[in-house]
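In this note's numbering, the protein residues as written are 103 to 220.
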């Protein structure tokens, strides 16, 4: 289930975001988290089963929701968690178009290919 980011999840969220190639440097990671905390149109969601194992970050541009970040704990990869996050995000934003950015595009389109209901 997707839950909204709260400051109490900062370390977990930073850990998950650090698996993305463009978020390797600590300074960049801190800037990214700060953007999700402060920018009105940016929203970070965490995927929680028994524990937080994934993260998906968006930027809203009118009726478009752009996926900026998506990452799953390596121990839980290949279990469909990323696809579930994308699908739930789409269900949360009915009437809006969910699209990837350049760094999430490859994964996003792979999800679409594997799930013909999207």
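All residues carry an ideal CB built from backbone N, CA and C; glycine is no exception.
Does the Cβ-Cβ distance between residue i and residue j come in under 7 Å?
i: residue 149; j: residue 187; result: yes
i: residue 118; j: residue 173; result: yes
i: residue 166; j: residue 208; result: no
i: residue 122; j: residue 195; result: no
With DSSP as the reference, please indicate the residues paired to residue i in a beta bridge.
i: residue 173; result: 157
i: residue 104; result: 149
i: residue 202; result: 169
i: residue 162; result: 167
Out of the options, which has the shortest C-alpha to C-alpha gap to residue i?
i: residue 175; options: 116, 107, 136 and 108; result: 116
i: residue 201; options: 109, 153 and 164; result: 164
i: residue 120; options: 104, 167, 158 and 197; result: 158
i: residue 124; options: 206, 211 and 182; result: 206
i: residue 211; options: 196, 142 and 169; result: 169
i: residue 107; options: 181, 180, 122 and 140; result: 140
i: residue 146; options: 153, 162 and 152; result: 162
Who are the Cβ neighbours of residue i in its own chain at under 7 Å, not counting the five residues just before and after it?
i: residue 60; result: The requested residue 60 does not occur in the structure, where the chain is confined to residues 103 to 220.
i: residue 190; result: 104
Within the same chain, show all residues whose beta-carbon is closer than 8 Å to that of residue i, passing over the 5 residues directly before and after it, in chain order.
i: residue 178; result: 155 and 156
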